[in-house]
Ligand code: FES
C-alpha cells in the first residue's frame, strides 16, 4: 500500500466513524425522548402516600408530585430543570427544588427563586388510565 492509498483509506475510515457517531447520537436522542414520554405512568396508590408539602420523586415517570398543605391540591412537575435539563433535587431544609448543574432553585409551586433558569418548572397533568394507573401529560386534558 502506497502513501496515497493509506491516506485515502484513513480519511474514509475517519469519515465513516464521524457519520456513525452522529447517527448514533441522533437515534439515541429520538428514541430516548419518545420512550420517556410513553413511560410517564404510575400507580394511583402513590397519591395516598403523599405528605403535605413534601414532594415525592417518581424517577421512572420523570416527575415530582406535590400535595399542598393549604388546599390538598396535588400538582405534578417534570423533574428536569427548565434551564438545560438536569434533574432537580429536593432540599427539605430549604423547602426548595435545587438544580445541581448551575444552581437554579424553585419553590413548591415550581416558580423560579433563583436563576439561571428563567422559566418555572414544567407542569404536568394527571389523567386517569384503565385500572389503577395515572398518566402524566405535558398538556391539560381537553374538556
Ligand atoms: S440545568 Fe438547571 S440550572 Fe442549568
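In my numbering, the protein residues as written are 703 to 845. All C-beta atoms, glycine included, are put in the ideal place defined by N, C-alpha and C. Predicted, not measured: the structure shown is a model, and the values here were computed from it.
Closest Cα partner of residue i within the set the options
{"i": "residue 829", "options": "707, 711, 742 and 712", "result": "742"}
{"i": "residue 804", "options": "771, 770 and 818", "result": "818"}
Through-space distance from residue j to residue i, alpha-carbon basis
{"i": "residue 768", "j": "residue 798", "result": "12 Å"}
{"i": "residue 827", "j": "residue 709", "result": "57 Å"}
{"i": "residue 704", "j": "residue 718", "result": "21 Å"}
{"i": "residue 755", "j": "residue 714", "result": "59 Å"}
{"i": "residue 736", "j": "residue 787", "result": "Note that residue 736 scores 46 on pLDDT, short of 50, meaning its location in the model is unreliable and no value can be drawn from it."}
{"i": "residue 821", "j": "residue 773", "result": "24 Å"}
{"i": "residue 831", "j": "residue 789", "result": "26 Å"}
Own chain partners of residue i with C-beta closer than 6 Å, once the 5 adjacent residues on each side are dropped
{"i": "residue 650", "result": "Residue 650 is absent from the model: the chain starts at 703 and stops at 845."}
{"i": "residue 835", "result": "743"}
Under 8 Å between C-beta atoms of residue i and residue j
{"i": "residue 824", "j": "residue 784", "result": "yes"}
{"i": "residue 833", "j": "residue 779", "result": "no"}
{"i": "residue 765", "j": "residue 810", "result": "no"}
7 Å CB neighbourhood of residue i in its chain, flanking five on each side removed
{"i": "residue 802", "result": "788 and 791"}
Reduced DSSP secondary structure (H/G/I, E/B, other) of residue i
{"i": "residue 710", "result": "helix"}
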